[in-house]
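According to the numbering used here, the stretch in the sequence shown is residues 28 to 273, in order. All C-beta atoms, glycine included, are put in the ideal place defined by N, C-alpha and C. Everything numeric in this text was worked out from a predicted model, so none of it was measured.
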Amino acid sequence: MTVLDVQDVTKVYGDGDTAVHALRGVRLAVDEGDYVAIMGASGSGKSTLMNILGCLDVPTGGRYLLDGLDVGALDDRRLAILRNRRIGFVFQSFNLIPRMSALANVELPLAYGGVKAAERRRRALAALEQVGLADRVDHEPNELSGGQQQRVAVARALVTAPALLLADEPTGNLDTRSTADVLGVLDRLSADGRTIVLITHENDVARRAKRVIRLVDGRIVEDRRTAPVGRPAIRSGGDELRADDR
Ligand code: ADP
Ligand code: MG
Numbered sequence: 028m029t030v031l032d033v034q035d036v037t038k039v040y041g042d043g044d045t046a047v048h049a050l051r052g053v054r055l056a057v058d059e060g061d062y063v064a065i066m067g068a069s070g071s072g073k074s075t076l077m078n079i080l081g082c083l084d085v086p087t088g089g090r091y092l093l094d095g096l097d098v099g100a101l102d103d104r105r106l107a108i109l110r111n112r113r114i115g116f117v118f119q120s121f122n123l124i125p126r127m128s129a130l131a132n133v134e135l136p137l138a139y140g141g142v143k144a145a146e147r148r149r150r151a152l153a154a155l156e157q158v159g160l161a162d163r164v165d166h167e168p169n170e171l172s173g174g175q176q177q178r179v180a181v182a183r184a185l186v187t188a189p190a191l192l193l194a195d196e197p198t199g200n201l202d203t204r205s206t207a208d209v210l211g212v213l214d215r216l217s218a219d220g221r222t223i224v225l226i227t228h229e230n231d232v233a234r235r236a237k238r239v240i241r242l243v244d245g246r247i248v249e250d251r252r253t254a255p256v257g258r259p260a261i262r263s264g265g266d267e268l269r270a271d272d273r
């Protein structure tokens, strides 16, 4: 099963003499259960590609299918639903809400998704347990280390049982020990069959992925597999969310 299908995608910012060709025909298919690291120098188009993969932006040319859905054919409302239900985001800066417990932070995407309180709590606790924070659920972000905060963010990304976990420099703000913690969580999720795409500058981080893609000037110049895709995840809890946004 192909989760991401990027077909000759281009992205141009602006027009005329000042147009910037950020992506120049990117073709990329990612199967369920794969763990892909996207590398490249500053300005090579990583964030642009990430924004398209995450349905935060649409391509100028080409097609992008997420879980078989043609993203370009969706209006803003359906795009927002798709983002909420199919993609879990992890950012360099954690983006947790201050003065809200870890549990409340993780419940948030489910609240937007209209899941009832008891079910929200059950799923958020399970997600926090998955990232090894069962004993920190009542802590607020400022009572947690950077690594713990990023693990809360990973739990928040997972709680909707997304088809894809998208991480943009997830260890960029972390010390060595916290980096190891977060990468350990991603390794376990990958072993469980989660589909992960992460952007990183660091070779040590990219080495943990099963496939490394290198962007230069808006083009993929290298696509190297270092480990087999692995088995797909058994999706729990997402199925009832799937029917109505097809
Ligand atoms: P990276 O994340 O690899 O540093 P980006 O995707 O951010 O690369 O940028 C790729 C190219 O597109 C760069 O030349 C950048 O200046 C340009 N760019 C990115 N976003 C915009 C924008 N919103 N408007 C105009 N140019 C942009
Ligand atoms: Mg960038």
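Residue j beta carbon less than 7 Å from that of residue i
{"i": "A49", "j": "T29", "result": "no"}
{"i": "A184", "j": "F116", "result": "yes"}
{"i": "I223", "j": "Y62", "result": "yes"}
{"i": "R163", "j": "L192", "result": "no"}
{"i": "G67", "j": "R241", "result": "yes"}
{"i": "T187", "j": "P259", "result": "no"}
{"i": "L155", "j": "V181", "result": "no"}
{"i": "L130", "j": "P168", "result": "no"}
{"i": "A64", "j": "A236", "result": "yes"}
{"i": "V85", "j": "G70", "result": "no"}
{"i": "T82", "j": "R110", "result": "Thr is not the amino acid found at residue 82; the sequence shown has Cys there. Cβ distance < 7 Å, so C82 and R110 count as in contact."}
Residue i burial status per 10 Å Cβ neighbour count (16 or more: buried)
{"i": "R238", "result": "buried"}
{"i": "E59", "result": "buried"}
{"i": "I114", "result": "buried"}
{"i": "V212", "result": "buried"}
{"i": "D35", "result": "exposed"}
{"i": "E249", "result": "exposed"}
{"i": "Y91", "result": "buried"}
{"i": "D266", "result": "Low confidence applies here, because D266 scores a pLDDT of 40, under 50, leaving its location unreliable and the question unanswered by this model."}
{"i": "D271", "result": "At D271, the pLDDT of 38 sits below 50, so the modelled position is not reliable; the number obtained from the coordinates is stated separately. It counts as exposed."}
{"i": "A190", "result": "buried"}
heavy atom of ligand 2 below 6 Å from residue i C-beta
{"i": "S308", "result": "Any property of residue 308 remains undetermined from this structure, which presents the chain solely from 28 to 273."}
Cβ separation of residue i and residue j, assumed to be a contact under 8 Å, to the nearest whole Å
{"i": "A217", "j": "G174", "result": "Inspection of the sequence shows that residue 217 is occupied by Ser rather than by Ala. Not really, about 18 Å apart at Cβ, beyond 8 Å."}
{"i": "L31", "j": "L76", "result": "Actually they do not touch by this definition, with Cβ atoms about 11 Å apart."}
Check: residue i C-beta below 6 Å from any heavy atom of ligand 1
{"i": "G211", "result": "no"}
{"i": "A233", "result": "no"}
{"i": "Y91", "result": "no"}
{"i": "G88", "result": "no"}
{"i": "A131", "result": "no"}
{"i": "Y40", "result": "yes"}
{"i": "V57", "result": "no"}
{"i": "V117", "result": "no"}
{"i": "G95", "result": "no"}
Any non-hydrogen atom of ligand 4 within 6 Å of residue i CB
{"i": "G199", "result": "This structure lacks ligand 4; the ligands present are ligand 1 and ligand 2."}
**OP:** Tell me, please, whether the region 196-207 touches the region 145-164 by the rule of three or more beta-carbon pairs shorter than 8 Å.
**Re:** Verdict: no, contact absent.
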